[in-house]
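Protein sequence lines, in the order shown, are assigned to chains A and B. 9 is the number that our numbering gives to position 9 of the first sequence; each next residue is one higher, with no gaps. The number in our numbering is simply the position in the second sequence, starting from 1, with 1000 added. C-beta atoms are modelled at their ideal positions from N, C-alpha and C, and glycine is treated no differently. Computed from a prediction, not measured in an experiment: that's the story for all the values here. Presented below is the structure to which this report refers.
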Amino acid sequence: MLNGLTAVYLREMLILKRRINRQILSMSVSPLLYLIAFGYAMGDGARFDGHTYIEFLIPGLVAMSSMTQAFAISTDINVARFYWHIFEEFQAAPISNAAYVAGEVLAGMTRAFIAVVVILSIGLFFKVILDYCNPLFWLAIGLNSFLFASLAVGLAMLVKSHADQSLLTNFVITPMAFLGGTFFPVDRLPVWAAKIIFLLPLTHASKAIRQTAFGSLPGCFPYLLLAAIGLIFFVIALKCVNQARD
Amino acid sequence: MIRIENLKKSYKNIHALKGVSFRVPPGELFAYLGPNGAGKTTTIRILSGLSRRSGGDAWLGGFHIEKESLKAKKNFGMVMQSINLDQELTIFENLDIHGRLFNMSSAKRREKIDELLAYVDLIDRKKSLVKQLSGGMKRRLMIARAMVHSPRILFLDEPTVGLDAEIRRRIWGLIKKIQNRGTTILLTTHYIEEAEFLADRVAFLDEGKIVVIDTPQKLMDQTGDWAIDRMDGDKIKTVYFKTRQEADAFITRQQESYTLRRVNLEDSFLSFTGKKVLC
């Protein structure tokens, strides 16, 4: 299994290496705009749990970008499937579904971690330094990206065209990116809205990432929840690989 | 080496394969000849694990294609009709990733890649990005990639489609060289001369069914030795003759223009199926 996984992962990394400058630039644009637009607009006047809005926003952007970048692996898989037909190489190779899915999920997680480093670096320009040395901060990012990369691989196997993929992003990822506790504290919402948002995995990832970045301990629940949902999506992705055969 | 029994494939109401059976012994180059939509690519997609069969069975090197799929997959290399190379990677990287997929050691990969790139005349372009290569070079690279893990079987799905005549002949030479190494080859094509030049045996495939299987020479012999093409209204009609004398006797009775030529596989296909390969 390890050889198949390495081959799939290495291929994604070689492609990423060729595009790394463009990729970093594109990973920087949205967080930079959010920080300028929301961060400066709110100023130091608004405080959340004793922190400025920019300090509140950066962990939210970390959660959001780790989700969107991990999920973006689905676009690369679709290009490989529908445009370059490289996916046929993997289908015809003697590798297990687990090796293929694990390789792609790992590639999605790598992209997510790069995006996080980009955001934290941008944060430094805004003089925001939080507790990034806490391993639980990075564990929450890892589990969040694992969950969304697994979801991405599964969905990439089910879609029939690029257009289907955009629909999924528009209906699933974009709303979650805005509602999952990234830009505002969920506990300020009406009870009914908070209940709905509680169901989104990103809400728990944002909470764990923010609390650890602020130096407090979020408890086991968000970690166990993210790991459990991530594992379910991973198993579903394994089953979906066979669906990609016509 | 390749054994197919009553293989079927349906897409909703379309029956792409209607029970195909044949065997290809080790070292043979078996050509699958038929017009577009006959079921050639469908057969290769099923054998290589890209599509699911609707019925029947198939074995590669003695391993069932679905029940022992990982073992069966180790036996073959595949060159698909569309260019499925990683355009943003170099020639070496494309081949190296393929070798890794087949669990080859680093030293073995490097040795084999150098050998194959010399073989397909791309050794000087080893570090070039694939997107910088010409169509013919990409085809040669795809053949090299399919051979990296030294498969016993090679699937070639229309390997020369879209290439000019000179490059096509160059690839034929390469295919012959690969066969001479002992590789069993299943070739799909709708180029008559390709099947005639390369194949030990040919299967005529039409509407998902095999009409006949034999050597190119025997198939042509069953049709005749000579053919006369003549205009019949706005259509060309072809008449076949066993001997030149019979053809000459026919010509003496002709009022209109005609062409006398030797029978080829296209004629055999036409006489067996009532259709032309290139529709």
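(message) Please report the distance separating the alpha-carbon of Ile1228(B) from that of Ala1199(B).
(response) 25 Å
(message) Which residue wins for smallest C-alpha separation from Gly1027(B), given the options Lys1176(B), Phe1092(B) and Ser1054(B)?
(response) Lys1176(B)
(message) Quick check: the Cα distance between Met1078(B) and Leu1050(B), rounded to an integer number of angstroms?
(response) Approximately 11 Å between the Cα atoms of the pair.
(message) At a CB distance below 7 Å, what residues from the segment 1068-1088 of chain B approach chain A? Give them in sequence order.
(response) Under the 7 Å Cβ criterion, the segment 1068-1088 of chain B contributes Leu1070, Lys1073, Lys1074, Met1078, Met1080, Ser1082, Asn1084, Asp1086, Gln1087 and Glu1088.
(request) Put Asp1232(B) into one of helix, strand or coil per three-state DSSP. (result) strand
(message) At a cut-off of 8 Å, would you count Ser166(A) as near the ligand GDP, judging by its Cβ distance to the nearest heavy atom?
(response) In terms of ligand content, the structure shown is empty, and the ligand GDP therefore cannot be addressed.
(request) Mind checking who Gly1055(B) pairs with in its DSSP beta bridge? (result) Note: Gly1055(B) sits in a beta bridge opposite Lys1008(B).
(message) I'd like to know if Gly108(A) contacts chain B, where contact means its C-beta is closer than 9 Å to some C-beta of that chain.
(response) For Gly108(A), the closest Cβ of chain B is not nearer than 9 Å.
(message) For the beta strand (DSSP E) containing Met1080(B), name the first residue and the last one.
(response) First-last for Met1080(B): undefined, no H or E at that position.
(message) Going by the DSSP bridge assignment, what does Val1212(B) pair with across the sheet?
(response) Phe1204(B)
(request) Going by CA-CA distance only, name the one from Phe90(A), Tyr83(A), Leu179(A) and Ser206(A) that's closest to Ala193(A). (result) With distances taken between Cα atoms, Ala193(A) lies closest to Leu179(A).
(request) Pull up the distance between the alpha-carbon of Leu225(A) and that of Pro201(A), whole angstroms please. (result) 8 Å
(request) Say whether chain A places a C-beta atom closer than 9 Å to the C-beta of Arg1253(B). (result) no
(message) By alpha-carbon positions, which one of Asp1214(B), Arg1244(B) and Ser1257(B) ends up nearest to Asp1232(B)?
(response) Ser1257(B)
(request) Would you tell me roughly how many angstroms separate the C-alpha atoms of Val172(A) and Val118(A), rounded to the nearest one? (result) 24 Å
(request) Within 10 angstroms of the Cβ of Lys1138(B), are there 16 or more other Cβ atoms? Answer buried if so, exposed if not. (result) buried
(message) Short of 6 Å in beta carbon distance, which residues of its chain neighbour Met1142(B), apart from the five on each side in sequence? Order them along the chain.
(response) Val1079
(message) Mapping the DSSP letters down to three states, classify Asp1157(B) as helix, strand or coil.
(response) Look at Asp1157(B) here: in three-state DSSP terms it is strand.
(message) Please identify the residue among Phe1241(B), Ser1021(B), Phe1092(B) and His1190(B) whose C-alpha is closest to the C-alpha of Leu1129(B).
(response) Phe1092(B)
(request) Find out if the Cβ-Cβ distance for the pair Gly1099(B), Ile1113(B) is shorter than 9 Å. (result) Contact flag set, yes.
(request) Starting from His1098(B), find everything on chain A with Cβ-Cβ shorter than 9 Å and list it in chain order. (result) Ala7, Glu89 and Ala93
(request) Could you check if Asn1013(B) is buried or exposed, using at least 16 other CB atoms within 10 Å of its CB as the buried criterion? (result) exposed
(message) Let me make sure I understand the geometry here. Which of Thr174(A), Ile209(A) and Leu155(A) has the alpha-carbon closest to that of Val101(A)?
(response) Leu155(A)
(request) Classify Asp1296(B) as buried or exposed, calling it buried when 16 or more other Cβ atoms lie within 10 Å of its own Cβ. (result) Here chain B covers residues 1001 to 1279 and nothing more, so residue 1296(B) does not appear.
(message) Bridge partners for Tyr1240(B) per DSSP, in chain order?
(response) Ala1227(B)
(request) Write down every uninterrupted run of the beta strand (DSSP E) in the segment 179-237 of chain A whose length is 3 residues or greater and which is fully enclosed by it, in chain order. (result) none
(message) Nearest by alpha-carbon distance to Leu158(A): which of Ile36(A), Thr52(A), Asp246(A) and Leu25(A) is it?
(response) Asp246(A)
(message) Going residue by residue through the segment 66-148 of chain A, where are the continuous alpha helix (DSSP H) segments of at least 4 residues, counting only ones entirely within it?
(response) Listed in chain order, they are 73-78, 87-92 and 97-125.
(message) If distances are taken between C-alpha atoms only, which option among Leu1047(B), Asn1036(B) and Lys1018(B) comes closest to Ile1185(B)?
(response) Leu1047(B)
(message) Just to confirm the assignment, what range does the alpha helix (DSSP H) spanning Ala163(A) have?
(response) His162 to Leu168
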